[in-house]
Amino acid sequence: MPDTQLALTHPAAPAVRFEDFGLSPDILRALADQGYIHPTPIQAEAIPIVLQGCDVMGAAQTGTGKTAGFSLPIIQLLLAHASTSASPARHPVRALILTPTRELADQVADNVKAYSRHTPLRSTVVFGGVDMAPQTAALRSGVEIVIATPGRLLDHVQQKTLNLSQTQILVMDEADRMLDMGFLPDLQRIINMLPAQRQNLMFSATFSPEIKKLANSFLKNPVTIEVARSNATADNVTQVLYKVEEDAKHDAVAYIIRERGLKQVIVFSNTKIGASRLSRHLEKEGVKAAAIHGDKTQGERMAALEAFKQGTIEVLVATDVAARGLDIAELPCVINFDLPYNAEDYVHRVGRTGRAGASGDAISLFSDKDARLLTDIEKLIKHTISRLQLTGFVPQRSSDRRPRYEESSDRAASSRSSGNSSQYGRSAYAPRKEKIDPWFLKPYEPTVPAPQQDQNGASGQGGKPAKAKVAALLGGMPKR
Ligand code: AMP
Numbered sequence: 001m002p003d004t005q006l007a008l009t010h011p012a013a014p015a016v017r018f019e020d021f022g023l024s025p026d027i028l029r030a031l032a033d034q035g036y037i038h039p040t041p042i043q044a045e046a047i048p049i050v051l052q053g054c055d056v057m058g059a060a061q062t063g064t065g066k067t068a069g070f071s072l073p074i075i076q077l078l079l080a081h082a083s084t085s086a087s088p089a090r091h092p093v094r095a096l097i098l099t100p101t102r103e104l105a106d107q108v109a110d111n112v113k114a115y116s117r118h119t120p121l122r123s124t125v126v127f128g129g130v131d132m133a134p135q136t137a138a139l140r141s142g143v144e145i146v147i148a149t150p151g152r153l154l155d156h157v158q159q160k161t162l163n164l165s166q167t168q169i170l171v172m173d174e175a176d177r178m179l180d181m182g183f184l185p186d187l188q189r190i191i192n193m194l195p196a197q198r199q200n201l202m203f204s205a206t207f208s209p210e211i212k213k214l215a216n217s218f219l220k221n222p223v224t225i226e227v228a229r230s231n232a233t234a235d236n237v238t239q240v241l242y243k244v245e246e247d248a249k250h251d252a253v254a255y256i257i258r259e260r261g262l263k264q265v266i267v268f269s270n271t272k273i274g275a276s277r278l279s280r281h282l283e284k285e286g287v288k289a290a291a292i293h294g295d296k297t298q299g300e301r302m303a304a305l306e307a308f309k310q311g312t313i314e315v316l317v318a319t320d321v322a323a324r325g326l327d328i329a330e331l332p333c334v335i336n337f338d339l340p341y342n343a344e345d346y347v348h349r350v351g352r353t354g355r356a357g358a359s360g361d362a363i364s365l366f367s368d369k370d371a372r373l374l375t376d377i378e379k380l381i382k383h384t385i386s387r388l389q390l391t392g393f394v395p396q397r398s399s400d401r402r403p404r405y406e407e408s409s410d411r412a413a414s415s416r417s418s419g420n421s422s423q424y425g426r427s428a429y430a431p432r433k434e435k436i437d438p439w440f441l442k443p444y445e446p447t448v449p450a451p452q453q454d455q456n457g458a459s460g461q462g463g464k465p466a467k468a469k470v471a472a473l474l475g476g477m478p479k480r
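What follows is the structure in structure tokens.
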């Protein structure tokens, strides 16, 4: 369900209408089906520029309407080549949209399908962790627009089920997150497979030096589109900090939720184990909560998300990777149970609320040990966050709570186990390695074909768990 109302209450400018961009009636009809009337600011900026064939570097977060900002002009441009023929040869891949996670790939694919539904253009989504066969069948039947996560895309290229030689438009969505996840080698391989003559669009919520370096390496004279200052948190989000002892944080979250009567909130935890523990604690406190992180199965994650959207769950306790790219409308509040290790994640987290112009609250808990993280955050956002007293809060002892040292040792262990051996100059990402699954830091390795996997129950790489296990970590869902 699109958060139509949110965006509608904050149009780019009431006078701007989709009709003004010269989009085809088939696209306008699809927009009407969606209930979109006015373009959002990023759409108002991006659509005419992409239609002109320019490369774009877009600073925009999920929730701004950026997907339509690039999809609509792409569909319009590709309409010139649209064919009603059933022959796959008449439907070569002309646009490739890369996303970091399965969830985002799926969301983008749903949007592209909706916007192109009255046109003869075909689109499909490919991501890891699911059977390749249906994806192969869709690719073989011919599709103009492919939405993909990088690893699975390379699998298809390797197995010759995908030909990129006629790709004229490349989109890198959430490019910063793709770099964070160690996809740079894969991205470079993919770029090298594309025709030199093409249009490139890159979207990123933050602009680190590495992102700028990547942009310089493949964008040609890009037009920069910025709907909010990069690395800035939205003005309409009220940010506060409460100083709370480490072992009182669980109770503090429950207290804040009760005190404020919060009915829909995402609480961010830096660790998977921390997310599960907090969710259990909240349940015991009578708050309807669920954890969403990489150790949850696909089904559990989608069920939790759906329950949250429906309101049967009030609190989603999430890790950064799990929460990334989730399209949850009208989220009034986010809580940082832990301050993120990387200041840019603070911007991403806070961006979950106050979306499309609505107001929101971002509450963070911190203790003495977080001083450095807090300094980094405030330096990045160029703003001192208000420190408030959590008045009336009296921490209780909870039998569920394990001693803190156990949690920190979990994190230390995962930090120790995550190597950073890439030769792609990731030194600037040093803080990230604490919470990135080591799998993401590996360059692309082809997936062994499905029948072999079934037989051996392993990926064929020294009997190690198959890619499927890791892909489940990334989430996403089979097409409904
Ligand atoms: P995105 O940032 O692309 O993930 O979009 C955020 C949400 O806004 C999605 O649910 C879209 O369906 C919705 N949306 C995008 N453009 C518009 C628009 N012009 N009017 C209303 N809703 C929109």
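Under full-length UniProt numbering, the first residue of the sequence shown carries the number 1, and numbering increases by one thereafter. Every residue gets a Cβ at the ideal spot worked out from N, C-alpha and C, and that includes glycine. These numbers come from a predicted model, not from an experiment.
Taking the CB atoms as reference points, tell me whether valine 237 and isoleucine 257 lie closer together than 9 Å. No, the pair does not count as a contact, with Cβ atoms beyond the cut-off.
Name the one or two DSSP bridge partners that glycine 354 has. Note: glycine 354 sits in no beta bridge, so no partner.
Host alpha helix (DSSP H) of residue 505 (start-end): In this structure the chain extends from 1 to 480, so residue 505 is not present and cannot be described.
Near arginine 17, what residues of its chain come up, given a Cβ to Cβ distance below 6 Å and the 5 sequence neighbours on each side ignored? none
Given a cut-off of 9 Å, decide if threonine 161 and methionine 57 are closer than it, judged by their beta-carbon atoms. no
From what residue to what residue does the beta strand (DSSP E) around valine 240 run? 237-243
Tell me the start and end of each unbroken alpha helix (DSSP H) in the segment 60-131 that is at least 4 residues and wholly inside, in chain order. 66-78 and 102-116
If you check the beta carbons only, do serine 116 and valine 146 fall under 9 Å apart? no
Counting only runs of 4+ residues fully inside the segment 246-286, write out the alpha helix (DSSP H) ranges in chain order. 249-260 and 272-284
Residues bridged to phenylalanine 366 by DSSP? Lys243
Give me the Cα-Cα distance between phenylalanine 281 and glycine 53, rounded to the nearest whole angstrom. What sits at residue 281 in the sequence shown is histidine, not phenylalanine. Taking the Cα positions, histidine 281 is about 53 Å away from glycine 53.
Between tyrosine 346 and threonine 375, what straight-line distance do the alpha-carbon atoms span, to the nearest angstrom? 12 Å
For leucine 316, write down the residues that DSSP places opposite it in a beta bridge. Ile266 and Ala290
Taking all protein chains shown into account, decide if lysine 220 is buried (16 or more other Cβ within 10 angstroms of its Cβ) or exposed. Looking at its Cβ environment, which holds fewer than 16 other Cβ atoms inside 10 Å, lysine 220 is exposed.
Less than 8 Å between the CB of tyrosine 242 and some heavy atom of the ligand AMP, yes or no? Because no heavy atom of the ligand AMP lies under 8 Å away, the Cβ of tyrosine 242 does not count as near it: no.
Comparing the CB of proline 39 with every heavy atom of the ligand AMP, is any distance shorter than 8 Å? yes
Mind the definition here: the segment 288-306 touches the segment 330-337 only if three or more C-beta pairs lie below 8 Å; say whether that holds. Under the three-pair Cβ rule at 8 Å, the segment 288-306 does not count as touching the segment 330-337.
Measure the CB-CB distance between valine 267 and leucine 390 and report whether it falls below 9 Å. no
Look at the alpha carbon of leucine 154 and the alpha carbon of arginine 189, and state the distance between them as a whole number of angstroms. 8 Å
How would you label threonine 384, buried or exposed, when you count the other beta carbons within 10 angstroms and need 16 or more for buried? exposed
Three Cβ pairs or more, each shorter than 8 Å: is that satisfied between the segment 44-53 and the segment 63-75? yes
Expressed to the nearest angstrom, what Euclidean distance is found between the alpha-carbon atoms of glycine 354 and alanine 362? About 9 Å.
Distance between alanine 105 and leucine 184 (C-alpha atoms, nearest Å): So the two alpha carbons sit approximately 18 Å from each other.
Cutoff 6 Å; reference methionine 172; Cβ partners in own chain excluding five residues on either side: So the list reads Leu98 and Met202, once near-sequence residues are dropped.
Tell me the DSSP secondary structure of glutamine 199 in three-state form. strand
What residue does the alpha helix (DSSP H) around valine 157 start on, and which one ends it? 150-158
Could you give the DSSP three-state label for serine 386: helix, strand or coil? strand
Using only alpha-carbon positions, find the residue among His118, Leu121 and Val112 that is nearest to residue 486. The question about residue 486 has no answer, for the chain in this structure spans 1 to 480.
One or two residues paired with asparagine 336 in a DSSP bridge: Phe268 and Ser364
Less than 8 Å separating the Cβ of aspartate 76 from some heavy atom of the ligand AMP? Checking the sequence shown, residue 76 turns out to be glutamine, not aspartate. Answer for glutamine 76: no, Cβ out of range of the ligand AMP.
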